[in-house]
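Heads up, the thing below is written out as structure tokens.
Protein chains in written order, with my numbering: chain A, 2 to 98; chain B, 381 to 859.
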């Protein structure tokens with residue numbers, strides 16, 4: 002992938018992000034922040050790449066593994082905690098009166 | 381393209397599409413939960429895509445598998461445990477912690493690639509390519525380090541482990557941060573020039589910069605900072621994407637970065653603060669000591685729980701204003717019992733939610749939803765403000781700055797211009813509060829001095845429990 006096309010990817014990704022969050026009700030600010038935060042843990046893919054390409058280089062394997070751990074902590078924790086918050090909203094509006 | 385590359389390409393495309401749908405869905409109440417799961421699914425899909433690609437091409441060594449499994453089990457386990465155990469009241473600091481770890485991950489990837497160049501990556505080595513590599517490594521380290529230390533400081537401050545040191549409120553801190561920033565730039569360019577040893581300097585000074593920028597920021601502004609750091613961690617992920625040549629990482633990182641910026645902007649609007657004043661203005665309390673904000677209360681009316689119960693019983697319409705104090709006292713369930721009783725007596729009960737009630741926008745909604753408060757009873761500020769003049773009783777529970785009329789009337793007040801709830805328009809206002817201490821802003825609240833305001837002193841949970849007892853004695857809610 003050439004650098005220029007990667008820059009295009011960066012630009013279009015940013016525009017997409019700007020466009021997606023149009024009108025957010027304040028209720029959802031906290032869950033949205035936490036959900037987006039979980040997605041930023043996508044660096045786990047970079048950590049995985051590092052480990053696969055390390056080819057027996059033990060210090061690099063360790064760095065990659067720690068990095069993967071941090072990323073998955075972010076991803077797994079982030080999605081679970083967001084789900085916990087959102088579960089409270091989706092509960093049926095109980096007794097009307 | 382060989383078959384594994386085509387498969388990976390298709391999977392990546394699908395993952396990006398699903399992630400975008402996920403972020404979109406997260407901004408609507410109805411679809412939010414499914415959207416979150418969709419995003420989680422897209423992330424797992426992307427892992428499958430990456431692993432299958434390597435399995436189909438170079439293969440994955442046993443040794444690599446071992447380290448992959450160790451890293452993922454430990455990380456996922458701790459993440460899941462924390463996510464299940466953490467109380468809803470500590471949500472802001474939890475998000476900060478997760479976020480910091482994401483930044484740390486990007487930093488480590490860049491550091492690893494820089495110190496141990498990946499073998500086989502050099503097939504078409506040219507200067508331009510290596511320059512881009514060095515720039516993206518440096519950006520990844522710089523942003524990753526700031527995200528990590530900044531988030532950790534934010535978490536520690538929200539947890540109360542760290543207070544705001546005095547020196548950080550003086551102009552001196554700008555000088556210190558400029559020094560850190562300049563040193564980061566020097567290390568940055570030195571690294572790009574090929575001096576690999578300056579990578580450590582970059583790690584250290586950008587970490588210090590993250591601490592230096594976050595430390596002076598007051599508790600009330602912290603949500604904005606966390607949102608901004610969240611955006612940074614997206615940028616760090618995108619930079620890491622350039623390092624390992626992954627379009628998926630770049631797209632996802634850029635999306636989170638941009639969405640985070642928008643969210644930060646929305647939050648700033650809700651608090652009537654500009655991003656610049658949040659980042660460079662220091663905490664509100666430091667400014668207020670110099671202004672007219674401080675002062676003695678002259679006309680405090682205190683009243684008993686019994687009086688409060690009597691007034692409530694006679695009311696037709698009651699508005700509850702919950703604040704962080706309610707959350708600290710874990711009193712949202714007790715509050716729900718009180719309002720149930722009132723509703724059974726035919727009294728109309730509504731909750732007025734200030735955009736920054738709790739500690740983070742939307743935080744109070746989460747806490748009240750936890751206590752089974754029907755969603756439609758939660759009213760946003762703009763909707764509820766015209767209702768106050770027609771309201772008999774307002775119960776202010778652990779909220780302070782968001783009901784301070786100074787924000788409307790006193791142009792010299794640091795709060796001036798912040799949107800507030802016009803509770804003073806109601807017939808009677810009860811403020812349930814431990815003592816006369818000030819809110820986050822450290823500013824005197826003129827509301828407490830008004831003739832239609834009565835203070836009920838005590839812990840929110842205890843007062844509410846007593847209130848239930850008094851209401852029972854009055855026969856409220858027992859048809």
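The beta-carbon is built from N, C-alpha and C at its ideal position, and this holds for glycine as well.
With a threshold of 16 other CB atoms inside 10 Å of the CB of residue 380 of chain B, please say whether the residue is buried or exposed.
-> Look at the range of chain B in this structure, 381 to 859, and you will see that residue 380 of chain B is not part of it.
Give the residues of chain A in contact with residue 443 of chain B, contact being defined as C-beta atoms less than 7 Å apart.
-> 57 and 62
Check each candidate in B:779, B:525 and B:853 and name the one with the smallest Cα separation from residue 825 of chain B.
-> B:779
Where DSSP assigns a beta bridge to residue 700 of chain B, which residues make up the other side?
-> B:731 and B:775
If you measure from the beta carbon of residue 5 of chain A to each beta carbon in chain B, is any gap under 8 Å?
-> no
Take residue 851 of chain B as the anchor and find which of B:798, B:730, B:748 and B:715 has the nearest alpha-carbon.
-> B:715
With a cut-off of 8 Å, does the C-beta of residue 699 of chain B fall near any C-beta of chain A?
-> no
Chain-ordered residues of the stretch 400 to 431 of chain B with a beta carbon less than 8 Å from chain A = 400, 402, 403, 404, 406, 407, 408, 409, 412, 413, 415, 416, 417, 419, 420, 423, 426, 427, 430 and 431
Write down every uninterrupted run of the alpha helix (DSSP H) in the stretch 470 to 544 of chain B whose length is 4 residues or greater and which is fully enclosed by it, in chain order.
-> 471 to 495 and 507 to 539
Burial state of residue 665 of chain B (16 or more Cβ within 10 Å) = Low per-residue confidence applies at residue 665 of chain B: pLDDT is 45, beneath 50, and the placement is therefore not dependable, though the value from the model is reported in the following sentence. Buried: at least 16 other Cβ atoms inside 10 Å.
Would you call residue 388 of chain B buried or exposed, if buried means 16 or more other Cβ atoms sit within 10 Å of its Cβ?
-> buried
Going along chain A in order, which residues have a C-beta closer than 8 Å to the C-beta of residue 750 of chain B?
-> 89
Reducing DSSP to helix, strand and coil, say where residue 834 of chain B ends up.
-> strand
Jot down the residue ranges of each uninterrupted beta strand (DSSP E) in the stretch 414 to 444 of chain B, minimum 3 residues, whole runs only, in chain order.
-> none
Determine the direct distance from the alpha carbon of residue 520 of chain B to that of residue 75 of chain A, and round the result to whole angstroms.
-> 17 Å
For residue 634 of chain B, return the contacting residues in chain A, with the cut-off set at a CB-CB distance below 9 Å.
-> 10, 11, 12, 13, 14, 15, 16, 17 and 18
N- and C-terminal bounds of the alpha helix (DSSP H) containing residue 720 of chain B = 712 to 724
Minimum C-alpha distance to residue 90 of chain A - residue among B:749, B:829 and B:762 | B:749
Does DSSP put residue 410 of chain B in a helix, in a strand, or in coil?
-> coil
Interface residues of chain A facing residue 741 of chain B [CB-CB closer than 7 Å] | 27, 30 and 31
Near residue 449 of chain B, which residues of its chain fall below 7 Å by C-beta distance, leaving aside the five closest residues on each side in sequence?
-> none
How would you label residue 9 of chain A, buried or exposed, when you count the other beta carbons within 10 angstroms and need 16 or more for buried?
-> exposed
Considering only the beta carbon of each residue, do residue 386 of chain B and residue 428 of chain B sit closer than 8 Å?
-> no
Could you name the residues of the same chain whose beta carbon sits closer than 7 Å to that of residue 48 of chain A, not counting the 5 residues immediately before and after it, in chain order?
-> 65, 68, 69 and 72
With hydrogens ignored, establish whether the beta-carbon of residue 843 of chain B is closer than 7 Å to any heavy atom of the ligand PLP.
-> Only the bare structure without any ligand can be found here, which leaves the ligand PLP out of the picture.
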